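The numbering of the sequence shown is the working numbering, which starts it at 2 and goes up by one.
Where a beta carbon is used, it is the ideal one built from N, C-alpha and C, also for glycine.
Source: prediction; values computed, not measured.
Worksheet: one structure, shown below.
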Amino acid sequence: MDFDGIVMVGGGIAGLATALALHRVGMKRILVLERAESLRTSGTAIGMWSNGWKALDALGVGQSLRQQHCLLQNSKLISRSDGTTVNIPIDTSFQELRFVKRALLLETLASVLPPEAIKFNCKVVDVRQFPRSKLMWEIELEDGSIIRAKGVIACDGVNSLLAESVLGLPRATSSAQCAVRGLSSYPEGHPFPPTRQLHMAEGFLMGIIPVTEKEVYWFISSASTPPDIWEIVQNPDRIFQWSEATLKEFPEEIREMVKKTSNDVIDMTVLKFRWPWSMLMGRLWKGTMTAVGDAMHPMTPYVAQGGCSTLEDAIVLARCFVHVEEDSINKLDESQRIIEAFKKYTNERRWRWIRLMTQSYITGIVQEGSNIFLKFIRDKIMLRIKVPNPSDFDCGTLPTIAPLKSSLLNQ
Ligand SMILES: Cc1cc2nc3c(=O)[nH]c(=O)nc-3n(C[C@H](O)[C@H](O)[C@H](O)COP(=O)(O)OP(=O)(O)OC[C@H]3O[C@@H](n4cnc5c(N)ncnc54)[C@H](O)[C@@H]3O)c2cc1C
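Written out as structure tokens, the structure reads:
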């Protein structure tokens with residue numbers, strides 16, 4: 002099949018948000034290829050900080066998501082070793098933090114895209130430059146079919162096939178840390194205040210965060226992985242056993258909360274990241290191909306910015322398209338304009354990615370470290386000092402009207 006537009010490979014937050022941003026600036030020929038048979042309807046929640054909300058507002062879906070998730074008013078850091086507790090009120094006139102149900106986020110993004118823009122059951126197995134034109138791509142699906150596209154955006158997550166094989170970025174490596182995430186359900190309403198609780202224990206960090214009036218997100222991120230991790234991740238009963246054993250010294254109320262999680266909203270994952278210096282040099286685009294989200298910047302989740310920064314990517318990328326269209330409509334052909342847009346996008350974003358990847362890596366080491374030095378930094382310094390907030394970032398808005406009648410935009 003010949004597709005005369007831009008293909009997003011992967012229909013997670015990156016693929017759907019990028020497609021929606023391009024759609025919002027007037028690009029009609031967009032296609033998301035997702036390997037699953039439908040949108041992910043299970044899953045837990047994701048911390049959406051002010052920068053993420055700005056991006057969701059730019060996409061036009063912020064308001065409806067806001068209404069369905071509770072606004073957090075306070076952060077509470079608790080050191081389990083000596084009981085030190087630090088309360089940090091969240092200035093809600095300046096900082097907006099809500100945890101958003103992943104399934105709802107994906108459904109909301111997809112609901113405002115034309116239905117024909119998303120194709121399920123499309124596992125991409127190879128992407129290569131078209132032999133007769135280096136500016137076209139052949140996308141091969143698992144069933145053997147081929148889609149030819151003018152541009153490709155890799156949105157295929159942390160284990161991105163495309164980032165590695167086409168962009169030449171190193172494969173994301175395991176940080177030797179793991180995380181369990183769960184969503185507890187309280188049909189009659191939960192007792193937790195709108196506070197993000199972070200319990201720092203030796204070797205792990207636990208978080209408890211209300212999502213709605215009836216659901217509470219919790220996570221445990223551990224500095225090490227159990228030897229049989231790959232068996233545990235496949236079996237929810239074993240994930241529960243591991244979580245209960247890890248939290249055995251925690252108050253009863255917290256252990257009871259974990260028990261209120263059903264099997265389809267608990268998962269465990271080995272954390273992966275890419276070293277930030279791999280982003281320092283070289284191109285982050287190749288011809289008419291680039292990447293968005295975890296495919297481009299896999300990071301450990303310690304600053305809770307992977308998803309928020311993915312939404313920023315989508316806005317910046319779409320805006321770059323418009324700016325290039327405005328500046329060069331009569332000077333460059335369509336493929337060259339895609340290249341220019343990808344160049345502009347990666348230049349604008351590179352240092353933001355490097356900063357977030359570095360900050361999340363260092364934060365993870367300090368938060369979960371068990372040696373005396375790291376414990377000192379965590380309990381005596383980190384609880385007391387104000388570190389730069391990675392969510393202090395505004396990705397800007399999308400131009401409301403596609404200004405020019407190029408063939409990619411407006412046709
Ligand atoms: C424990 C944990 C906690 C986190 N907490 C937060 C948080 O609080 N706040 C925050 O902002 N971020 C958080 N993140 C990060 C966030 O989850 C990710 O950054 C975000 O999900 C990235 O979205 P994505 O679309 O790039 O990747 P994914 O969500 O992985 O989506 C990739 C999609 O591509 C599809 N796909 C993959 N390969 C192919 C293929 N070959 N062909 C077709 N389709 C394919 C997959 O099926 C999937 O749908 C956390 C991450 C972890 C691990």
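Got a sec? Which residues, its chain only, sit under 7 angstroms from A177 by beta carbon, not counting five neighbours each side? Start at 1 with the first residue of the sequence shown, and residue 177 comes out as number 176. For A177, where only same-chain residues beyond five positions count, the Cβ hits under 7 angstroms are S225 and T226.
What number of angstroms, rounded off, separates the C-alpha of I209 from the C-alpha of F220? As a position in the sequence shown, residue 209 is number 208, starting the count at 1. As a position in the sequence shown, residue 220 is number 219, starting the count at 1. Straight across, the Cα-Cα distance linking I209 with F220 is about 7 angstroms.
Touch test, the region 199-209 against the region 330-337, Cβ-Cβ under 8 angstroms, three pairs minimum: No, the region 199-209 is not in contact with the region 330-337.
So, for A111: in the same chain, excluding its five sequence neighbours on each side, which residues have a beta-carbon less than 7 angstroms away from its beta-carbon? In the sequence shown, the residue the question calls residue 111 occupies position 110. L17, L40 and I119.
What span of residues does the beta strand (DSSP E) with R182 cover, start to end? Working through the sequence shown from its first residue, we reach residue 182 at position 181. Segment T174 to S186, the beta strand (DSSP E) holding R182.
Select from E349, M280, R25 and C71 the residue whose C-alpha is nearest the C-alpha of D314. For this step, residue 314 is matched to residue 313 along the sequence shown. Looking at the Cα atoms, E349 is the closest of the given residues.
Report, in whole angstroms, the separation of the C-beta atoms of K55 and C396, which I expect to be a contact under 8 angstroms. Translated into positions along the sequence shown, residue 55 becomes position 54. Translated into positions along the sequence shown, residue 396 becomes position 395. Beta-carbon to beta-carbon, K55 and C396 are separated by about 6 angstroms, close enough to satisfy the 8 angstroms threshold.
Contact defined as beta carbons within less than 8 angstroms: I believe M9 pairs with C156. What is the distance between those atoms, to the nearest angstrom? Position 8 of the sequence shown, counted from the first residue, corresponds to residue 9. Position 155 of the sequence shown, counted from the first residue, corresponds to residue 156. About 5 angstroms separates the beta carbons of M9 and C156, which is inside the 8 angstroms limit, making them a contact pair.
Buried or exposed (CB count within 10 angstroms, at least 16 for buried), L72: Residue mapping note: residue 72 aligns to position 71 of the sequence shown, counting from 1. Under this definition L72 is an exposed residue.
Near ligand 1: R182 beta-carbon under 7 angstroms from a heavy atom: On the sequence shown, position 181 is the one that residue 182 refers to. Ligand 1 approaches R182 closely enough that one of its heavy atoms is under 7 angstroms from the residue's Cβ.
Strictly by DSSP, which residues pair up with G11? Translated into the one-based positions of the sequence shown, residue 11 becomes position 10. For G11, which the question treats as bridged, DSSP gives no partner whatsoever.
Whose C-alpha, out of F121, Y218, G158 and I89, is nearest the C-alpha of E143? Position 142 of the sequence shown holds residue 143. Of the candidates F121, Y218, G158 and I89, the one whose C-alpha sits nearest the C-alpha of E143 is F121.
Given G44, which residues of its chain have a CB within under 6 angstroms of its CB, disregarding the five upstream and five downstream residues? Stepping through the sequence shown from its first residue, residue 44 is reached at position 43. R103 and A104.
Under 8 angstroms, do V101 and H70 count as touching if we go by C-beta distance? Taking the sequence shown and counting its residues from 1, the one referred to as residue 101 is at position 100. Taking the sequence shown and counting its residues from 1, the one referred to as residue 70 is at position 69. Contact: yes.
For ligand 1, is there any heavy atom lying closer than 7 angstroms to the beta carbon of V317? Against the sequence shown, residue 317 aligns to sequence position 316. False, no ligand heavy atom lies under 7 angstroms from that Cβ.
Any heavy atom of ligand 1 closer than 7 angstroms to the beta-carbon of P389? Within the sequence shown, the letter at position 388 stands for residue 389. It does not: the Cβ of P389 is nowhere closer than 7 angstroms to a heavy atom of ligand 1.
Helix or strand or just coil, what does DSSP make of G152? Locating residue 152 in the sequence shown gives position 151, where the first residue counts as 1. Correct three-state label for G152: strand.
Limits of the beta strand (DSSP E) - the one that H200 falls within: Walking along the sequence shown from the start, residue 200 turns up at place 199. Its beta strand (DSSP E) spans residues T196 to A202.
Using only the alpha-carbon positions, how far apart do V367 and G11 sit? Position 366 of the sequence shown, counted from the first residue, corresponds to residue 367. Position 10 of the sequence shown, counted from the first residue, corresponds to residue 11. Cα to Cα, the separation comes out at about 33 angstroms.
Round the Cβ separation of A292 and I154 to the nearest angstrom and send it over; I've been treating them as touching at under 8 angstroms. On the sequence shown, residue 292 is found 291 positions in, with the first residue counted as 1. On the sequence shown, residue 154 is found 153 positions in, with the first residue counted as 1. With 8 angstroms as the limit, A292 and I154 qualify as a contact, their Cβ atoms being about 7 angstroms apart.
Can we say the region 240-248 touches the region 176-196, given the rule of at least three CB pairs closer than 8 angstroms? Contact holds: three or more Cβ-Cβ distances are below 8 angstroms.
Put S223 into one of helix, strand or coil per three-state DSSP. The residue you call residue 223 lines up with position 222 of the sequence shown. If DSSP states are grouped into helix, strand and coil, S223 belongs with the strands.
Are the CB atoms of V167 and M290 within a distance shorter than 8 angstroms? Within the sequence shown, numbered from 1, the residue matching residue 290 stands at position 289. Within the sequence shown, numbered from 1, the residue matching residue 167 stands at position 166. Cβ distance < 8 angstroms, so M290 and V167 count as in contact.
Given a cut-off of 8 angstroms on the beta-carbon distance, is the pair V126 and W138 in contact? Here residue 126 corresponds to residue number 125 of the sequence shown, with the count starting at 1. Here residue 138 corresponds to residue number 137 of the sequence shown, with the count starting at 1. In this structure, W138 does not lie closer than 8 angstroms to V126 by Cβ.
Cβ of L415 within 8 angstroms of Cβ of I316? The first residue shown for the chain is 2 and the last is 412, placing residue 415 beyond what the model contains.
For the alpha helix (DSSP H) containing R30, name the first residue and the last one. By 1-based counting over the sequence shown, the position of residue 30 is 29. Judged by DSSP secondary structure, R30 falls outside any alpha helix (DSSP H); it is assigned neither H nor E.
List the endpoints of the continuous alpha helix (DSSP H) containing F274. As a working mapping, residue 274 is identified with position 273 in the sequence shown. Per DSSP, F274 belongs to no alpha helix (DSSP H); it is in the beta strand (DSSP E), T262 to F274.
Are T495 and G204 close, meaning C-beta to C-beta below 8 angstroms? Residue 495 cannot be examined here, being either before or after the span of the chain that is shown, 2 to 412.
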